[in-house]
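Visitor: Residue numbers for the sequence shown follow our numbering, beginning at 3 and rising by one.
Idealized CB from N, CA, C, for every residue including glycine.
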Amino acid sequence: AAYAADTMTISGQITDELDQPVLNSEVILYLLDTNGDIEKELGKIPSAGTGGYYSFEKIPVPAGYLTRKYLLKVFNPGESGNYSSVTDFFTYDPVIQNFKIQKHGSSVIQVLDESGAAVPAGIPMWFSYTSHLGYKSDWPWNAPSDRRTRSPHHVTDSDGRIELYLNAVKSVDGTFLGGADYACPAGFFLEAAVGRIDQTYNMVDLEGVDHTSEYRYECPRELEQYRTIFQEVSSQVGTTLNYDIYVRPLGKVIAHAMDGVTEEPMEVIWSYSTGMSFAKYQVWSEDGSSFSTYCYGGDTITIEAEDQPNPLTGHLGHQTASAEVEITPWGFEEVTLTLQPNTYGTISGRVVDESDNGIAEATVELLLPEQGEGGGLVYHTLQTILTDNEGCYTFTNVVPTTEWYSYTIRAKKTDYGIDRAENILLDSGQALNIGAMQIAQDGESPYWEEYHKIDVISIGRTAVKLEWVEAIDDTGIEGYKIYQGETLLADTGLNYERDFGSVARYMVKNLEAGTTYNFSVKAYDAVDNLSEPLSVSFATLADYDSASKVIRVSVNSDGMDANDESQAP
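(1) Quick one: any contact between the segment 411-420 and the segment 513-530, if contact means 3 or more CB pairs under 8 Å?
(2) Cβ atoms of Ile426 and Tyr409: under 7 Å apart, would you say?
(3) Does the separation of the CB atoms of Asp309 and Leu341 fall below 7 Å?
(4) Is it buried or exposed, Pro313, if we count other Cβ atoms within 10 angstroms and call 16 or more buried?
(5) If you draw a straight line from the C-alpha of Ala307 to the C-alpha of Cys394, how long is it?
(6) From which residue to which residue does the beta strand (DSSP E) around Ala465 run?
(7) Report yes or no: do three or more beta-carbon pairs, one from the segment 385-392 and one from the segment 356-375, lie closer than 8 Å?
(8) Under the rule that 16 or more other beta-carbon atoms within 10 Å means buried, what is Lys46, buried or exposed?
(9) Hey, Thr348 and Leu434 are a contact pair by Cβ (cut 8 Å); roughly how many whole angstroms apart?
(10) I'd like to confirm the pairing. Which residues does DSSP put opposite Leu268 in its beta bridges?
(11) Rank Cys297, Ala364, Ser357, Ala120 by C-alpha distance to the C-alpha of Gly333 and give the top, closest one.
(12) Helix, strand or coil: how does DSSP classify Gln15 here?
(13) DSSP state of Phe397, grouped into three classes?
(14) Does the ligand HEM have even one heavy atom less than 6 Å from the beta-carbon of Gly419?
(15) With DSSP as the reference, label His454 as helix, strand or coil.
(16) Output the distance between the C-alpha atoms of Val401 and Glu372, rounded to the nearest integer angstrom.
(17) Select from Leu25, Thr11, Thr494 the residue whose C-alpha is nearest the C-alpha of Thr17.
(18) Quick check on DSSP: helix, strand or coil for Asn531?
(19) From Ser153 to His317, what distance separates their C-alpha atoms?
(20) Report the option in Glu216, Pro122, Tyr245, Phe101 whose CA atom is closest to the CA atom of Glu165.
(21) Would you identify the three-state DSSP class for Gln22, choosing helix, strand or coil?
(22) Buried or exposed, going by whether 16 or more other CB atoms sit within 10 Å of the CB of Ser279?
(23) With distances taken between CB atoms, is the gap from Val255 to Tyr219 smaller than 7 Å?
(24) Could you pull the DSSP bridge partners for Cys297 from this structure?
(25) When the Cα of Gly290 is compared with those of Gly277, Arg352, Glu269, which residue comes out closest?
(26) Look up Trp286 in the DSSP assignment and say whether it is helix, strand or coil.
(27) So what does Leu384 bridge to, in DSSP terms?
(28) Bridge partners for Thr9 per DSSP, in chain order?
(29) Taking the alpha-carbon positions, what's the Leu114 to Ile247 distance?
(30) Tell me whether Trp272 is buried or exposed, calling it buried when 16 or more other Cβ atoms sit within 10 Å of its Cβ.
(31) I'd like to know whether the C-beta atoms of Ser539 and Asn520 end up nearer to each other than 7 Å.
(32) Could you work out which residue in Ser504, Ser350, Pro331 is closest to Ala119 when comparing CA atoms only?
(33) Cα separation between Asp21 and Ser160?
(34) Going along the chain, which residues of its own chain have a beta-carbon closer than 7 Å to the beta-carbon of Glu116, five neighbours each way excluded?
(35) The beta strand (DSSP E) that contains Val121, what's its start and end?
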């Protein structure tokens, strides 16, 4: 072919359909004959730098250029295979010829609720990807390799759709590039694999944009029916595949607790129950004044806020407040629970004798029982008063009880027995009269039967545990006095270890190794009538002999059986 004397420049940028530069491409310039077929190759250059630019300089303008054409063909021979875009043109002037290389296919995911309605905009969905460009094993998320969807989280648009662009597995002409791209909604995959979905993901993409959403969902009930695993997502360059995903919408409820007098936020204990027995993603504020959770849309949640009184500390607390909330799919409900402060109550009664005559100056105690470490009850004395001439008494400024606490009233007097009123419950501000308690004159002492004895159930070098069947008394045992020889070692009161039957136990410590001891136990009742002593003698174990040959030993630091969990360390 004959050429004109003039030359021209052909340059431009190579990008993909997402307007991202395509690097490492090869650009070939051809001259076409008058029939439009390739006559010859005029040059071959790579796209340069990071911008995907190319430039052919001083290209001769062919004779008869008005009827002759050039062909530019662009190849991208990288890992993704060869992609090309063909353009033919004729020109006399310098030109800028930009090319778009199709490297991706796309998938449009329509996200629907169980009724088939499109979900709102902003519903988050994460995808786990595999790619023929290289599988990444940092489970569970493998970010796609294109620049638009390289973060594995997405949100729906106003039509409830998500569009994915991924590297295609087939070129524009259908040539198989190897491998495949798969995408699976991550939460669904987890639901199928391990029975759970967790949407508390990091929603900040690689550009630092936060896509955090308040929306949450679950898989539908019929998981297998609705489950979709994408295969060959965007399998061919320039194609679009369409899928539907069904989700079960959740709704969020936020509850706040407020003091009914100060109208200030207050710390409470939160509890809740739902009709469908489902709640997820609970969050409690640091100060305990608010609580939030997600539930199935259409469900009802009952939320309770409690500030329990504590008679032991004198904390009055507040009356429990509750609310029922209907959960709206994709909705956000907010409720404030107002708790009214409790007020003190009173407990009154009368102490009488066997003839129902009031007993003056009887001692009446307001007690708070708690379970002790040894299994017995520990009684905390909160108030002590004397009856008036009519045998009447009134405890004031009494803290209300709860399901965890109840009161015991104990009445006693010298030379009389004892009576108790137990499991007394008091509401906020209540004036409670428990009626009469009867105590009779008591001149009888506790006693032992012939079968009573003290057993040494564990013995060591410096400690032993004593055990006995409890003594008998017509008005009840109030405690035991433990003697070491003639010396009073301990007065147990009611706070001693006992089982659920009638066996009492006591641990004696700080003994000398290899020494014989005499111990005795006396029982007493409410008016301090004492029983006869029950006695035992024993010798503690000797110090260890380092020269002795030990076959099998399991002891603690006191030389006692280390397998006995009741022993002192």
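Guide: The short version:
(1) Yes, since at least three Cβ pairs between the segment 411-420 and the segment 513-530 fall closer than 8 Å, the two stretches touch.
(2) The answer is yes: Cβ separation under 7 Å.
(3) Contact flag set, yes.
(4) By the neighbour-count criterion, in which a residue is buried when 16 or more other Cβ atoms sit within 10 angstroms of its Cβ, Pro313 is buried.
(5) Approximately 38 Å between the Cα atoms of the pair.
(6) First-last for Ala465: undefined, no H or E at that position.
(7) Short answer: they touch.
(8) Lys46 comes out exposed.
(9) Rounded to the nearest angstrom, the Cβ distance from Thr348 to Leu434 is 7 Å, consistent with a contact under 8 Å.
(10) Contrary to the premise, residue 268 reads as Met rather than Leu in this sequence. Assignment of beta-bridge partners to Met268 by DSSP yields no partner.
(11) Selected option, being the one with the closest Cα: Cys297.
(12) The three-state reading of DSSP puts Gln15 in strand, counting E and B together.
(13) In this structure, Phe397 counts as strand in the three-state DSSP scheme.
(14) No copy of the ligand HEM appears in this structure; indeed no ligand is present at all.
(15) When DSSP states are grouped into helix, strand and coil, His454 belongs to the coil group.
(16) So the two alpha carbons sit approximately 16 Å from each other.
(17) Distance check between Thr17 and each of Leu25, Thr11, Thr494 places Leu25 closest, using alpha-carbon atoms only.
(18) Here Asn531 sits in coil by DSSP.
(19) Note that Ser153 scores a pLDDT of 49, beneath 50, so its modelled location is shaky; the value from the coordinates is reported in the next line. Cα-Cα distance, rounded: 52 Å.
(20) The shortest Cα separation from Glu165 among Glu216, Pro122, Tyr245, Phe101 belongs to Tyr245.
(21) In this structure, Gln22 counts as coil in the three-state DSSP scheme.
(22) With fewer than 16 other Cβ atoms within 10 Å, it is exposed.
(23) No, the pair does not count as a contact, with Cβ atoms beyond the cut-off.
(24) According to DSSP, which records beta bridges pairwise, Cys297 is partnered with Gly253.
(25) Ranked by how close their Cα comes to the Cα of Gly290, the residues Gly277, Arg352, Glu269 have Glu269 in first place.
(26) Three-state DSSP puts Trp286 in a strand.
(27) None, per the DSSP bridge assignment.
(28) According to DSSP, which records beta bridges pairwise, Thr9 is partnered with Pro62.
(29) So the alpha carbons of these two residues sit roughly 6 Å apart.
(30) When all chains shown are included, Trp272 counts as buried.
(31) Contact flag set, yes.
(32) Distances from the alpha-carbon of Ala119 to those of Ser504, Ser350, Pro331 put Pro331 closest.
(33) C-alpha of Asp21 to C-alpha of Ser160: approximately 24 Å in a straight line.
(34) Its chain contains Pro222, Tyr248, Arg250 as the residues whose beta carbon lies nearer than 7 Å to that of Glu116, once the 5 sequence neighbours on both sides are disregarded; these appear in chain order.
(35) It is not in any beta strand (DSSP E) - Val121 carries neither H nor E in the DSSP assignment.
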